[in-house]
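S.K.: One structure, pasted below without further comment.
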Amino acid sequence: CKTIVFSSSATVYGLPDFLPFDESHPLRPINPYGRTKYFNEEIIRDWAGTDPEKSAILLRYFNPVGAHSSGMIGEDPNGIPNNLVPFIAQVAVGRRSHLNIFGDDYDTPDGTGIRDYIHVSDLAAGHLAALNYAKDHKGVEPINLGTGKGHSVLEMVKAFEKASGTSIDYRIMPRRKGDLDSSYADTDKAEQLLGWRATKSIDDMCQDVWRWQSQNPNG
Ligand code: UDP
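Mapped onto this note's numbering, the consecutive letters of the sequence shown carry residue numbers 11 to 229.
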């Protein structure tokens with residue numbers, strides 16, 4: 011094997027020294043998930059260092075959400091969803107009574123956490139672009155996959171209400187350990203190296219999740 015495209019995560023960056031996160035930002039993950047991604051990146055760097063013919067693209071995903079636009083492929087997490095949008099979708103379809111919002115006292119305009127949500131179809135296209143790039147470029151490249159735009163939890167709730175025509179009840183809860191105020195991507199490197207950028211908005215993401223969730227209420 012000469013090529014690896016690795017599913018890494020923006021959580022490798024940890025607390026931001028600056029935003030948007032670019033690929034040269036220091037790596038100081040603050041939660042176990044981010045540490046697993048960080049150590050895997052390091053192992054892949056060692057692997058690539060053994061042979062100048064090897065190529066590794068470390069794709070640092072921001073917050074993937076959405077479903078295939080057909081409504082036939084979507085996400086049905088086991089148990090209680092950890093991630094925001096699957097949780098909202100289950101509230102909208104009546105499987106859960108309300109959303110718990112983890113903190114409204116963050117340093118953001120509405121106090122809820124800001125993330126860079128990216129449609130899974132854009133993310134998939136980013137992988138094809140990465141494979142294509144790896145064919146004739148050797149060495150290791152970390153590359154962010156995000157939209158470059160941040161949205162708060164409350165903005166996501168509103169976008170989902172609009173897409174689904176439902177109303178999402180929520181309660182404000184304490185902050186969740188290991189969460190940041192804000193995280194969003196600098197997307198220049200992806201554009202320059204891969205010729206790729208995200209095309210879908212949070213409205214597209216919510217519409218596609220709702221199509222999938224409403225057609226498959228029990229997963
Ligand atoms: N969040 C929330 N309630 C939930 C799940 C998530 O308020 O049930 C918030 C979380 O605090 C963060 C954002 O939604 O600000 C995105 O969280 P998620 O777990 O989807 O992704 P993360 O950025 O943690 O990887």
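Cβ atoms here follow ideal geometry from the backbone N, Cα and C, with glycine treated the same way.
List the endpoints of the continuous beta strand (DSSP E) containing N73.
M.R.: Here the question's residue 73 lines up with position 63 in the sequence shown. Per DSSP, N73 belongs to the beta strand (DSSP E) from N73 to V75.
S.K.: Could you compute how far the alpha carbon of I54 sits from the alpha carbon of A140?
M.R.: Translated into positions along the sequence shown, residue 54 becomes position 44. Translated into positions along the sequence shown, residue 140 becomes position 130. Distance between the alpha carbons of I54 and A140 is about 16 Å.
S.K.: Going by beta carbon distance, what residues of the same chain come within less than 6 Å of C216, once the five residues before and after it are set aside?
M.R.: In the sequence shown, the residue the question calls residue 216 occupies position 206. Hits under 6 Å: A169, F170 and A173.
S.K.: Which whole-angstrom value describes the C-beta separation of I111 and Y180, a residue pair presumed to lie in contact below a C-beta threshold of 8 Å?
M.R.: For the purposes of this step, residue 111 is identified with residue 101 of the sequence shown, where counting begins at 1. For the purposes of this step, residue 180 is identified with residue 170 of the sequence shown, where counting begins at 1. Correct: roughly 5 Å between the Cβ atoms.
S.K.: Which partner residues does F16 have in the DSSP bridge list?
M.R.: Translated into positions along the sequence shown, residue 16 becomes position 6. DSSP, once it has assigned bridges, lists L68 as partnering F16.
S.K.: Return the chain-ordered list of same chain residues with a C-beta closer than 8 Å to the C-beta of M166, the five sequence neighbours on each side being excluded.
M.R.: Locating residue 166 in the sequence shown gives position 156, where the first residue counts as 1. Excluding sequence neighbours, M166 sits near L94, V95, I98, Y127, I212 and C216.
S.K.: State buried or exposed for G84, treating a residue as buried only when at least 16 other CB atoms are found within 10 Å of its CB.
M.R.: Stepping through the sequence shown from its first residue, residue 84 is reached at position 74. Classification of G84: buried, given that the 10 Å Cβ count is 16 or more.
S.K.: With a threshold of 16 other CB atoms inside 10 Å of the CB of D56, please say whether the residue is buried or exposed.
M.R.: Taking the sequence shown and counting its residues from 1, the one referred to as residue 56 is at position 46. When all chains shown are included, D56 counts as exposed.
S.K.: Would you please verify whether the beta carbon of Q223 is less than 8 Å from any beta carbon of chain B?
M.R.: Of the protein chains in the structure, only one exists, and it is not chain B.
S.K.: If you run the structure through DSSP and keep just helix, strand and coil, what is H137?
M.R.: Locating residue 137 in the sequence shown gives position 127, where the first residue counts as 1. Correct three-state label for H137: helix.
S.K.: Are A134 and Q223 touching if we call contact CB-CB under 8 Å?
M.R.: Your numbering for residue 134 matches position 124 in the sequence shown. Your numbering for residue 223 matches position 213 in the sequence shown. Taking 8 Å as the Cβ cut-off, A134 and Q223 do not qualify as a contacting pair.
S.K.: If distances are taken between C-alpha atoms only, which option among L190, G121 and R45 comes closest to L29?
M.R.: Numbered from 1 along the sequence shown, position 19 holds the residue referred to as residue 29. Checked all of L190, G121 and R45; the closest Cα to L29 is L190.
S.K.: For a minimum of 4 consecutive residues, which ranges assigned as the alpha helix (DSSP H) are wholly contained in the stretch 114–199?
M.R.: Taking only runs of at least 4 residues, the alpha helix (DSSP H) segments lying wholly in the stretch 114–199 are 130–145 and 163–174.
S.K.: Taking 7 Å as the cut-off, does the CB of D86 come closer than this to any heavy atom belonging to the ligand UDP?
M.R.: As a working note, residue 86 is residue 76 in the sequence shown. The answer is no for D86.
S.K.: Cβ-heavy atom distance between F97 and the ligand UDP below 7 Å?
M.R.: Residue numbering aside, residue 97 sits at position 87 when the sequence shown is read from its first letter. F97: yes, Cβ under 7 Å from the ligand UDP.
S.K.: If I'm right that I67 touches Y143 with Cβ under 8 Å, what's the distance once you round it to whole angstroms?
M.R.: Residue numbering aside, residue 67 sits at position 57 when the sequence shown is read from its first letter. Residue numbering aside, residue 143 sits at position 133 when the sequence shown is read from its first letter. Contact holds; Cβ gap of about 7 Å.
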